[in-house]
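Everything on this sheet refers to the single structure shown next.
There are 2 protein chains.
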Amino acid sequence: MPPTAPSRRRNEELLSAIHEATLAELAERGFSGVTFEGVARRARTSKPVLYRRYPSRAELVLAAVHAREPLPVLDAPTGELRADLLSLFSAHEARYHRLGAGVIRGLLAELPQERANETLAAGSILTHTTLRALVAQARADGKLGPREVPDAVLDTPIALLRHEFLMLGRVPSRAQVEEILDLIYLPLLRLHSGAAAPSGR
Amino acid sequence: MPPTAPSRRRNEELLSAIHEATLAELAERGFSGVTFEGVARRARTSKPVLYRRYPSRAELVLAAVHAREPLPVLDAPTGELRADLLSLFSAHEARYHRLGAGVIRGLLAELPQERANETLAAGSILTHTTLRALVAQARADGKLGPREVPDAVLDTPIALLRHEFLMLGRVPSRAQVEEILDLIYLPLLRLHSGAAAPSGR
DNA sequence: AGAATAAGATACGCGCCGTATCTTATCCGC
DNA sequence: GCGGATAAGATACGGCGCGTATCTTATTCT
Chain A
1 MPPTAPSRRR NEELLSAIHE ATLAELAERG FSGVTFEGVA RRARTSKPVL
51 YRRYPSRAEL VLAAVHAREP LPVLDAPTGE LRADLLSLFS AHEARYHRLG
101 AGVIRGLLAE LPQERANETL AAGSILTHTT LRALVAQARA DGKLGPREVP
151 DAVLDTPIAL LRHEFLMLGR VPSRAQVEEI LDLIYLPLLR LHSGAAAPSG
201 R
Chain B
1 MPPTAPSRRR NEELLSAIHE ATLAELAERG FSGVTFEGVA RRARTSKPVL
51 YRRYPSRAEL VLAAVHAREP LPVLDAPTGE LRADLLSLFS AHEARYHRLG
101 AGVIRGLLAE LPQERANETL AAGSILTHTT LRALVAQARA DGKLGPREVP
151 DAVLDTPIAL LRHEFLMLGR VPSRAQVEEI LDLIYLPLLR LHSGAAAPSG
201 R
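Here you go:
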């Protein structure tokens with residue numbers, strides 16, 4: 001008979017099975033259908049093993065999502081401001097789409113306020129930093145005016161995209177993303193950086 | 001002995017007791033702590049009575065909130081664009097504040113998508129229509145340029161305020177509201193309506 | 001080797017779900 | 001007023017997931 005019959009998983013192997021099971025349950029049953037019991041069954045483990053790691057359903061889901069869905073990074077800035085912004089926003093939008101609005105809403109509702117903020121912030125700080133860098137580059141290149149752009153302005157598109165997706169439940173179309181960019185964001189950047197002629201073109 | 005001992009409530013009286021109990025539970029235990037059983041107990045009625053009226057917890061809470069939190073109205077447009085927008089935003093913000101982010105997040109997570117959208121749209125005085133009217137007035141008065149402002153631009157502050165409150169969990173301060181207005185919205189309106197000099201005051 | 005650690009199995013009481021059944025107070029039309 | 005329709009209210013049900021406690025046993029570290 002096989003001597004290694006009752007092989008017992010640990011650490012990464014186990015953790016990975018848990019995350020996988022969680023994501024599968026998430027996909028099949030939606031956020032509210034994710035259950036400690038269900039995940040334990042599916043990952044062929046037991047509830048205590050889960051409870052030893054995660055204090056709540058929300059944390060479990062969050063961990064699984066983070067493990068499999070790293071934050072989007074902007075791979076190669078071309079130096080062309082509009083193109084870079086567009087690809088950044090698209091990456092964001094794709095991430096939202098993969099996750100689904102239901103998951104994020106569920107997390108938002110069930111995570112403690114503090115934790116939800118951290119999490120959102122982690123996502124948006126990265127973006128904030130990226131945006132800041134892109135804009136700084138464009139200013140240095142003379143594509144924008146010389147003045148510093150206020151943070152509130154810098155973060156506008158994050159808020160707009162999130163709102164569209166989370167509140168209204170639609171994944172922004174390419175056209176919408178471009179609209180935000182051309183009608184709102186780029187004009188604001190030009191204006192606040194003090195670029196030459198904000199009018200025609 | 002009193003002949004009207006087992007007085008049995010109906011219609012408004014009953015409904016009102018249900019709403020009151022729901023709001024009380026909401027306040028004490030938060031959205032996720034609201035329970036059909038708990039509300040029934042507190043309203044001194046029974047679960048079937050509740051289930052005959054509301055199909056889900058979210059609908060129960062929604063009804064209670066709507067019953068006790070009617071829409072604020074924008075009292076008097078002064079014709080002064082900035083002042084009117086400011087008071088509109090403040091009213092909006094005050095409403096969110098009374099409700100609390102947790103409740104809205106819970107509703108968003110548990111209501112079906114369609115219903116959530118209706119509710120968000122209907123529940124807000126800071127509507128597209130209101131903004132459109134104010135801006136149209138300002139344009140007619142020559143306070144802005146003559147051109148029509150695109151919808152995406154018109155709705156910007158709705159998204160920004162909601163994002164701030166719901167995602168980040170903070171009630172926007174007066175200063176933040178003014179920032180949105182002065183750094184983002186008014187400039188955009190001037191720009192898109194084709195107002196004369198968008199630069200230094 | 002032995003000790004420490006953590007996986008895994010099982011079982012518990014609890015609270016809430018959503019529904020079915022039944023009684024009985026109240027309302028409405030005649 | 002009376003009598004039938006209506007809906008409140010009480011109760012009970014099986015089911016499920018929660019969160020925890022207890023115990024055994026495989027694995028790893030020293």
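Line by line, the protein sequences are chains A and B. For the first sequence, the UniProt record's numbering assigns the number 1 to the initial residue and increments by one for each residue that follows. For the second sequence, the UniProt record's numbering assigns the number 1 to the initial residue and increments by one for each residue that follows. Think of the CB as a built atom: it goes at the ideal place given N, C-alpha and C, for glycine as much as any other residue.
### Message
Which complete alpha helix (DSSP H) runs does the UniProt DNA-binding region "H-T-H motif" (35 to 54) of chain A hold, if anything under 4 residues is left out?
### Response
Under the rule that a run must span 4 or more residues, the alpha helix (DSSP H) segments found entirely inside the UniProt DNA-binding region "H-T-H motif" (35 to 54) of chain A read 36 to 42, 47 to 51.
### Message
Give me the subset of the region 129 to 150 of chain A whose CB atoms are less than 9 Å from a CB atom of chain B, sorted by chain position.
### Response
From the region 129 to 150 of chain A, only P150 have a Cβ closer than 9 Å to chain B.
### Message
For S173 of chain B, tell me which candidate among B:A83, B:M167, B:L161 has the shortest Cα-Cα distance.
### Response
One-based indexing of the second sequence puts residue 173 of chain B at position 173. Comparing alpha carbon positions, the residue from B:A83, B:M167, B:L161 closest to S173 of chain B is B:L161.
### Task
Consider the Cβ of V153 of chain B: report whether some Cβ of chain A lies at a distance smaller than 7 Å.
For the purposes of this step, residue 153 of chain B is taken as the residue at position 153 of the second sequence. Contact of V153 of chain B with chain A is assigned, a C-beta pair being separated by under 7 Å.
### Query
Using DSSP with H/G/I as helix, E/B as strand and the rest coil, what is L120 of chain B?
Counted from its first residue, the second sequence places residue 120 of chain B at position 120. The answer is helix: DSSP assigns L120 of chain B an H, G or I state.
#### Entry: Simplified DSSP assignment, three categories, for T22 of chain B
The residue labelled residue 22 of chain B in the question sits at position 22 within the second sequence. Note: T22 of chain B maps to helix in three-state DSSP.
### Distance between beta carbons of L99 of chain A and A64 of chain A, contact taken as under 8 Å
One-based indexing of the first sequence puts residue 64 of chain A at position 64. One-based indexing of the first sequence puts residue 99 of chain A at position 99. Not quite, the Cβ-Cβ distance comes to about 11 Å (not below 8 Å), so this is no contact.
### Query
When the Cα atoms are used, what is the spatial distance from L181 of chain B to A152 of chain A?
As a position in the second sequence, residue 181 of chain B is number 181, starting the count at 1. As a position in the first sequence, residue 152 of chain A is number 152, starting the count at 1. One Cα belongs to L181 of chain B, the other to A152 of chain A, and the distance between them is close to 11 Å.
### Proximity below 7 Å, CB of A101 of chain B to CB of G169 of chain B
The residue labelled residue 101 of chain B in the question sits at position 101 within the second sequence. The residue labelled residue 169 of chain B in the question sits at position 169 within the second sequence. The Cβ atoms of A101 of chain B and G169 of chain B sit closer than 7 Å to each other.
### For R53 of chain A and R42 of chain A, the rounded distance between their alpha carbons
For the purposes of this step, residue 42 of chain A is taken as residue 42 along the first sequence, with counting starting at 1. For the purposes of this step, residue 53 of chain A is taken as residue 53 along the first sequence, with counting starting at 1. If you take the alpha carbons of R42 of chain A and R53 of chain A, they lie about 17 Å apart.
### Query
Could you give the residue range of the alpha helix (DSSP H) that holds G30 of chain B?
Translated into the one-based positions of the second sequence, residue 30 of chain B becomes position 30. Neither: G30 of chain B is in no alpha helix (DSSP H) and is coded neither H nor E.
### Task
Check the Cβ-Cβ distances between H163 of chain A and every residue of chain B, and say whether any is below 7 Å.
Translated into positions along the first sequence, residue 163 of chain A becomes position 163. For H163 of chain A, the nearest beta carbon of chain B is closer than 7 Å to its own beta carbon.
### Task
Output the boundary residues of the alpha helix (DSSP H) element that contains I184 of chain B.
As a first step, residue 184 of chain B is located in the second sequence; it is residue number 184 there, counting from the start. According to the DSSP assignment, I184 of chain B belongs to no alpha helix (DSSP H), since it is labelled neither H nor E.
#### Entry: Residues near R201 of chain B by beta carbon distance below 8 Å, same chain, minus five either side
Here residue 201 of chain B refers to the residue found at position 201 when the second sequence is read from its first residue. For R201 of chain B, the predicted model reports a pLDDT of 38, less than 50, meaning its position is unreliable; a value from the coordinates is still stated below. Cβ within range, chain order: n/a, list empty.
### Task
Just confirm the distance between the C-beta atoms of E93 of chain A and V177 of chain A, as a whole number of angstroms; I'd bet it's less than 8 Å.
The count along the first sequence starts at 1 and reaches residue 93 of chain A at position 93. The count along the first sequence starts at 1 and reaches residue 177 of chain A at position 177. Going by Cβ atoms, the distance from E93 of chain A to V177 of chain A rounds to 6 Å, so yes, they are a contact pair.
### Query
Can you give the Cα-Cα distance for P48 of chain B and E25 of chain A, rounded to whole angstroms?
One-based indexing of the second sequence puts residue 48 of chain B at position 48. One-based indexing of the first sequence puts residue 25 of chain A at position 25. Each residue's alpha carbon lies about 31 Å from the other.
### Message
Measuring only the C-alpha atoms, how far is R132 of chain B from H19 of chain A?
### Response
Within the second sequence, residue 132 of chain B is the residue found at index 132, counting from 1. Within the first sequence, residue 19 of chain A is the residue found at index 19, counting from 1. Straight-line Cα distance between these residues: approximately 47 Å.
### Query
Which of helix, strand or coil does DSSP assign to E13 of chain B?
Position 13 of the second sequence, counted from the first residue, corresponds to residue 13 of chain B. E13 of chain B falls in the helix class under three-state DSSP.
### Message
Three or more C-beta pairs under 8 Å: does that hold for the region 127 to 144 of chain A against the region 183 to 192 of chain B?
### Response
No, the region 127 to 144 of chain A is not in contact with the region 183 to 192 of chain B.
### Message
Spatial neighbours of L71 of chain A within its chain, please: C-beta separation below 7 Å, excluding the five flanking residues on both sides.
### Response
Counted from its first residue, the first sequence places residue 71 of chain A at position 71. Its chain contains G123, L126 as the residues whose beta carbon lies nearer than 7 Å to that of L71 of chain A, once the 5 sequence neighbours on both sides are disregarded; these appear in chain order.
### Query
What's the C-alpha gap between A116 of chain B and L107 of chain B?
For the purposes of this step, residue 116 of chain B is taken as the residue at position 116 of the second sequence. For the purposes of this step, residue 107 of chain B is taken as the residue at position 107 of the second sequence. Going from the Cα of A116 of chain B to the Cα of L107 of chain B covers about 7 Å.
### Query
In angstroms, rounded to a whole number, what distance separates the CA positions of G194 of chain B and D141 of chain A?
The count along the second sequence starts at 1 and reaches residue 194 of chain B at position 194. The count along the first sequence starts at 1 and reaches residue 141 of chain A at position 141. Cα-Cα distance, rounded: 28 Å.
### Query
What does I180 of chain A touch in chain B if you count any residue whose Cβ is under 8 Å from its own?
Counting from 1 along the first sequence, the entry for residue 180 of chain A is found at position 180. Chain B residues near I180 of chain A: A152.
### Task
Taking C-beta pairs closer than 7 Å, name the residues in chain B that N117 of chain A reaches, listed in chain order.
In the first sequence, residue 117 of chain A corresponds to position 117, counting from 1. Those are L168, G169, listed as they occur along chain B.
### Query
What does I184 of chain A reach in chain B if we use C-beta pairs closer than 8 Å?
In the first sequence, the residue the question calls residue 184 of chain A occupies position 184. What I184 of chain A touches in chain B: A152, V153, T156, L188.
### Query
What residues in the region 23 to 48 of chain A bring their beta carbon closer than 8 Å to a beta carbon of chain B?
Residues passing the 8 Å Cβ filter: F31, S32.
### Message
Is there a C-beta anywhere in chain A that falls below 7 Å from the one on A195 of chain B?
### Response
As a working note, residue 195 of chain B is residue 195 in the second sequence. Chain A, which has no Cβ nearer than 7 Å to the Cβ of A195 of chain B, makes this no.
### Query
What separation, rounded to the nearest whole angstrom, lies between the Cα atoms of R44 of chain A and L88 of chain B?
Taking the first sequence and counting its residues from 1, one reaches residue 44 of chain A at position 44. Taking the second sequence and counting its residues from 1, one reaches residue 88 of chain B at position 88. Between R44 of chain A and L88 of chain B, the C-alpha separation is close to 55 Å.
### Task
Leaving aside the five residues before and after P146 of chain B along the sequence, list all residues of the same chain whose C-beta is less than 8 Å from its C-beta, in chain order.
Translated into positions along the second sequence, residue 146 of chain B becomes position 146. Excluding sequence neighbours, P146 of chain B sits near R139, S193, G194.
### Task
Could you say which of A:E59, A:A91, A:A58 lies nearest to A76 of chain A if we only look at CA atoms?
Translated into the one-based positions of the first sequence, residue 76 of chain A becomes position 76. Selected option, being the one with the closest Cα: A:A91.
### Query
For the alpha helix (DSSP H) that E179 of chain B lies in, which residues bound it at each end?
As a working mapping, residue 179 of chain B is identified with position 179 in the second sequence. DSSP places E179 of chain B in the uninterrupted alpha helix (DSSP H) bounded by 174 to 179.
### Message
Out of B:V61, B:I104, B:A21, which one is the CA nearest neighbour of S46 of chain B?
### Response
Walking along the second sequence from the start, residue 46 of chain B turns up at place 46. Checking every option, the nearest Cα to that of S46 of chain B belongs to B:A21.
### Message
Helix, strand or coil for G169 of chain A? Go by DSSP, reduced to three states.
### Response
Walking along the first sequence from the start, residue 169 of chain A turns up at place 169. The three-state reading of DSSP puts G169 of chain A in coil, since its state is none of H, G, I, E or B.
### Message
Can you look up D151 of chain A in the DSSP assignment and give me helix, strand or coil?
### Response
Residue 151 of chain A sits at position 151 when you count from the first residue of the first sequence. Reduced to three states, the DSSP call for D151 of chain A is helix.
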